[in-house]
Amino acid sequence: MTLAPDERDLLGRLAPFAEHPGRAVVILDFDGTLAPMVDDPPRAVPLPGTGEVLARLVRCVGRVAVVSGRPAAFLADVLPVDGLTIFGQYGVERLEGAAVVTDPRARAWADAVAAAAEEAQATLPDLFVERKDGIAATLHWRRAPHLEAQAVTLGRRLATTHGLRLEPGRLALELRPPMGIDKGSATRTLVVGAHAALVAGDDHGDLAAYAALSHVVAERRLAHGLRVAVRSAEAPAELLRQADHAVDGPAGLLTLLAVLADVLESP
Ligand SMILES: [Mg+2]
């Protein structure tokens with residue numbers, strides 16, 4: 054088989070994962086990374102074949118994790134893969150067996166999040182306000198793009214008024230408790246003791262995971278880090294600039310993950 058230069062590069066980058074597969078970690082975002090973006094967020098599903106490839110990886114590597122802003126129960130529902138580690142709401146929620154375990158610090162912010170969500174919906178009724186198990190609220194303007202400027206102004210005001218943290222998303226803004234939990238803290242937790250780790254994402258929130266990975270490599274607590282960007286017309290330039298490797302959309306990532314499984318399964 055003749056490989057294009059890109060593919061040869063990729064195989065070189067995946068080789069460290071085969072050195073100690075039991076100490077290899079794969080950390081994946083969900084929306085825009087495993088699942089194509091959709092107008093109606095509750096309807097997002099992973100690309101066909103994703104579960105099978107993740108199940109192969111679960112058998113080969115030390116840990117496969119999905120870290121997303123989505124609630125853990127949603128992720129468990131759309132990704133029913135035995136042995137998959139699920140961090141919902143960036144790690145505020147974790148799936149343990151069939152149970153969702155929530156960081157108890159989030160409880161103190163439930164009233165502020167509910168009040169912000171209610172105020173957002175009352176102020177801009179055409180905005181889709183996603184309430185995430187009382188832990189966060191997301192303002193989506195994908196179905197009402199003309200509301201973007203007003204939604205951003207509103208999000209900033211609500212964050213200040215209610216003491217919440219504002220996180221940019223793809224045609225969305227999320228109001229979250231200021232608990233210092235993001236994809237960076239999740240990544241640092243997940244790579245403890247690892248030899249090689251891959252993080253893949255498509256958006257601003259994934260930059261924290263990139264930074265955490267770079268940090269643990271610089272501190273020599275991780276031998277190899279691979280930052281994968283999932284390209285789209287909406288991908289932030291900074292994500293593509295910082296990535297070690299870029300793929301085209303969730304389909305490109307699924308191919309990369311299948312190649313990784315092939316590499317690890319080959320005798
Ligand atoms: Mg995403």
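Note that the numbering used here gives residue 278 to position 225 of the sequence shown, counting from 1, and the numbers run on in steps of one. Even for Gly, the Cβ is constructed at its ideal location relative to N, Cα and C. Remember, it's a predicted structure, so these values are computed and weren't measured experimentally.
Under the three-state DSSP convention, the category M54 falls into: Numbered from its first residue, the sequence shown carries residue 54 at position 1. Note that M54 scores 49 on pLDDT, short of 50, meaning its location in the model is unreliable and no value can be drawn from it.
Per DSSP, the bridge partner or partners of K185: Translated into the one-based positions of the sequence shown, residue 185 becomes position 132. Answer is A189.
Just reading off the alpha helix (DSSP H) that R210 is part of, what are its end residues? On the sequence shown, position 157 is the one that residue 210 refers to. In the DSSP assignment, R210 falls within the unbroken alpha helix (DSSP H) covering E201 to H215.
Using the Cβ count rule (16 or more neighbours within 10 Å means buried), how would you classify H199? Within the sequence shown, residue 199 is the residue found at index 146, counting from 1. By the neighbour-count criterion, in which 16 or more other beta carbons inside 10 Å mark a residue as buried, H199 falls on the exposed side.
Can you give the Cα-Cα distance for Q295 and L260, rounded to whole angstroms? In the sequence shown, the residue the question calls residue 295 occupies position 242. In the sequence shown, the residue the question calls residue 260 occupies position 207. It is roughly 8 Å from the alpha-carbon of Q295 to the alpha-carbon of L260.
Identify which residue in G187, L243, V281 and A202 has its Cα closest to the Cα of P230. As a first step, residue 230 must be located in the sequence shown, where it is residue number 177. Distances from the CA of P230 to each of G187, L243, V281 and A202 were compared; the closest alpha carbon is that of G187.
Any contact of the segment 305-317 with the segment 268-279, i.e. 3+ C-beta pairs under 8 Å? With a cut-off of 8 Å, the segment 268-279 and the segment 305-317 do not count as touching, because too few Cβ pairs lie within range.
Look at V145 and D130 and say whether their C-beta atoms are less than 8 Å apart. As a first step, residue 145 is located in the sequence shown; it is residue number 92 there, counting from the start. As a first step, residue 130 is located in the sequence shown; it is residue number 77 there, counting from the start. The answer is no: Cβ separation not under 8 Å.
Roughly how far, in whole angstroms, is the beta-carbon of V316 from the beta-carbon of V281, given that I think they are within contact range, below 8 Å? The residue labelled residue 316 in the question sits at position 263 within the sequence shown. The residue labelled residue 281 in the question sits at position 228 within the sequence shown. V316 to V281, Cβ: 15 Å. No contact.
Please find out if some non-hydrogen atom of ligand 1 comes closer than 7 Å to the beta-carbon of T6. With the chain covering 54 to 320 only, the question about residue 6 has no answer from this structure.
Would you say F70 and L313 are within 8 Å of each other, going by their C-beta atoms? For this step, residue 70 is matched to residue 17 along the sequence shown. For this step, residue 313 is matched to residue 260 along the sequence shown. Yes, these two residues count as a Cβ contact at 8 Å.
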